[in-house]
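Residue numbers for the sequence shown follow my numbering, so the first one is 2 and each next one is one higher. Note that the Cβ used here is the ideal one computed from N, Cα and C, for glycine as well. Since the model is a prediction, treat every value here as computed from it, not as a measurement. Here's the structure we're looking at; comments come further down.
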Amino acid sequence: MASPLDLDQLQSFCAIADCGSFTEAARRVNKTQSAVSMQIKRLEERLGHPLLTRDGRTVSMTHHGEILYERARKMLRTNAEILDQFNDADLAGSIRFGVPDDYAVRLLPVILSSFQRTHPKIAVDVACMASEELIAGLKAGRYDLIVFTQGTQQNFGELFRTEKMFWVASHGGRAMASQPIAIACGPSCCIWRKDAFAALDRSGIDYRVAYTSSNATAISSAVLSDLAIGFLPESALQPGMRVIADGYGLPRLGDAQIALLRASHAYGGIYDALAKHIVQSMGNLEQPPAAEAAE
């Protein structure tokens, strides 16, 4: 009977895959770089395939490494859940959490404040920025857990909520009547922007980018000030916004997919507590207002 894989080796492998560096991975798992290199050598010998490849200073996974990575994360998660089952100590510690500011209006005051009340010994340090920046920050080791928007270039993470996207305008505003239609949106890397512009192009609708910002609050302010119309998921709708009805000529948008992404160490204990709270709480968010026609 074959002996089980070494979880410590799998932890080091996942850390390297996450950050693309033996040096940084060694720091994360509290080992020397030589010790981590030896762990990977033994893991590759055990599995009979190379798992990582070096290109200068960059380390990436081979085909077999990619196959192992997802399964290794599942094993690390199961291990953390087993340890939690037999741990009676109160949850305590700190979590570095990232969230797009598109969701911060609903997540921060409602969901995170209730988490702090139920878990007073867990300190959550929050950063709000675009999904692309959060993903890069997680890889660089700046976050333990992030919420992000999935898209065509980032179909990974733990998908936990799908929301309708809406065209929105200011109540009583005239931006909808502008020719070409004035749009407030995120930067060119924004998944929602790419989807919305592709839909407008297919529909032959003339538009111009009137306001661009990587800050969702600034985009919402542009909409509420009637500088432009915008597009938002249901959890980001704000008082004073009017959802533009389908009958007003704007194309339907693809759904927003919201997911969690963890560092390879962020399973069990305080991390699962926060992740479960976010998933459950966002599932209970109020539905958006009924669609109304922009005046």
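How about residue i and residue j: do their beta carbons lie closer than 8 Å?
{"i": "M177", "j": "A170", "result": "yes"}
{"i": "A183", "j": "R143", "result": "no"}
{"i": "V127", "j": "L113", "result": "yes"}
{"i": "S22", "j": "V37", "result": "no"}
{"i": "D19", "j": "A264", "result": "yes"}
{"i": "M166", "j": "A223", "result": "no"}
{"i": "P110", "j": "F149", "result": "no"}
{"i": "L261", "j": "E159", "result": "yes"}
{"i": "Q10", "j": "L44", "result": "yes"}
{"i": "C15", "j": "A73", "result": "yes"}
{"i": "Q34", "j": "T24", "result": "yes"}
{"i": "L77", "j": "L8", "result": "yes"}
{"i": "I245", "j": "W168", "result": "yes"}
{"i": "G241", "j": "H172", "result": "yes"}
{"i": "F87", "j": "H278", "result": "no"}
{"i": "Q239", "j": "V30", "result": "no"}
{"i": "P234", "j": "D56", "result": "no"}
On a CA-only basis, which of the options is nearest residue i? Give me that one, please.
{"i": "G94", "options": "F116, D103, K122", "result": "K122"}
{"i": "G269", "options": "H50, P51, L92, D56", "result": "L92"}
{"i": "A133", "options": "W193, L275, P181", "result": "Reading off the sequence, residue 133 comes out as Glu, not Ala. Taking only the C-alpha atoms, the option nearest E133 is W193."}
{"i": "I136", "options": "N88, Q86, C190, K195", "result": "C190"}
{"i": "K75", "options": "L6, G57, S61", "result": "L6"}
{"i": "A274", "options": "I41, I17, A105, A124", "result": "A124"}
{"i": "G99", "options": "A141, I230, I245", "result": "A141"}
{"i": "G174", "options": "A246, I230, T213", "result": "I230"}
{"i": "G250", "options": "D202, S61, L69, D56", "result": "D202"}
{"i": "A217", "options": "T119, D207, D227, P188", "result": "P188"}
{"i": "F81", "options": "Q281, H278, V280, Y272", "result": "Inspection of the sequence shows that residue 81 is occupied by Ala rather than by Phe. Comparing Cα positions, the closest option is Y272."}
{"i": "R47", "options": "A276, S236, L225, H65", "result": "H65"}
{"i": "Q151", "options": "T213, D196, R118", "result": "D196"}
{"i": "A276", "options": "H120, F232, S214", "result": "H120"}
{"i": "S214", "options": "A131, Y104, T63, R58", "result": "A131"}
What are the residues that DSSP puts in a beta bridge with residue i?
{"i": "L233", "result": "F167"}
{"i": "S95", "result": "A124"}
{"i": "D56", "result": "T59"}
{"i": "M242", "result": "S171"}
{"i": "Q281", "result": "Its beta-bridge partners do not exist; DSSP assigns none."}
{"i": "E159", "result": "L261"}
{"i": "V100", "result": "C129"}
Taking the continuous beta strand (DSSP E) assigned at residue i, which residues delimit it?
{"i": "F149", "result": "146-151"}
{"i": "L262", "result": "257-263"}
{"i": "V210", "result": "208-213"}
{"i": "I184", "result": "182-186"}
Is residue i a contact residue of the ligand MG, with contact defined as CB to any heavy atom under 7 Å?
{"i": "R209", "result": "Among the ligands in the structure shown, none appear at all, so the ligand MG cannot be discussed."}
Let's see if you can read the secondary structure: which residues bound the alpha helix (DSSP H) around residue i?
{"i": "I41", "result": "34-48"}
{"i": "R28", "result": "23-29"}
{"i": "A3", "result": "Segment: none, A3 is in no alpha helix (DSSP H) and carries neither H nor E."}
{"i": "A131", "result": "Segment: none, A131 is in no alpha helix (DSSP H) and carries neither H nor E."}
{"i": "M177", "result": "Segment: none, M177 is in no alpha helix (DSSP H) and carries neither H nor E."}
{"i": "S114", "result": "114-119"}
{"i": "V224", "result": "217-225"}
Whose C-beta lies closer than 8 Å to the C-beta of residue i among residues of the same chain, with five residues either side of it excluded?
{"i": "A199", "result": "none"}
{"i": "S4", "result": "none"}
{"i": "Q180", "result": "D207"}
{"i": "V280", "result": "F161, R162, L261"}
{"i": "L228", "result": "A176, A183, A185, A211, Y212"}
Suppose the cutoff is 6 Å on Cβ atoms and the five residues either side in sequence are ignored; what does the same chain contact list for residue i look like?
{"i": "R162", "result": "I259, M283"}
{"i": "S1", "result": "It is not possible to answer for residue 1, since the shown part of the chain is limited to 2 through 296."}
{"i": "H50", "result": "H65"}
To which residues of the same chain is residue i closer than 7 Å at the C-beta, ignoring the five residues directly before and after it?
{"i": "A219", "result": "none"}
{"i": "T59", "result": "G21"}
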